[in-house]
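Position 59 of the sequence shown, counting from 1, maps to 65 under our numbering, and the rest follow consecutively.
Okay, so here's the structure we're looking at.
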Amino acid sequence: SSHLGMVIGATQAEEAASVLSLHPEGALLIPGIGAQGGSISELARSLKDHQGIPLINSSRGITYAGKDEGDWPEHVAEAAKSMKQKLNQITQQYV
């Protein structure tokens, strides 16, 4: 079993494919989805054959959703729900 872990930025998903192919079972921390503009569809393509478990992070895109509008908790909840739905194309291959 692999004990290697890597941080791979979602904003560089296509470039990450070559690194992932060298470490097909490495655990991944993947920031850059949401406010930083990483593409979930590009990330899904890069992770297609990856066996390691990815932890995909979207902090600002959720935490600051609707920060300048009323009912902040509702905006945060909606942003989290939306991100979960968008990530289903990736998470379904691991569940």
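Even for Gly, the Cβ is constructed at its ideal location relative to N, Cα and C.
{"Asked": "Pull up the CB-CB distance for Leu26 and His56, whole angstroms please, since I reckon it's below 8 Å.", "Found": "5 Å"}
{"Asked": "Is it true that the CB of Leu93 sits closer than 8 Å to the CB of Ile36?", "Found": "no"}
{"Asked": "From the DSSP output, in three-state form, read off Gly43 for me.", "Found": "coil"}
{"Asked": "Look at the alpha carbon of Gln18 and the alpha carbon of Gly44, and state the distance between them as a whole number of angstroms.", "Found": "8 Å"}
{"Asked": "Quick one: Cα of Gly40 to Cα of Arg66, how far?", "Found": "7 Å"}
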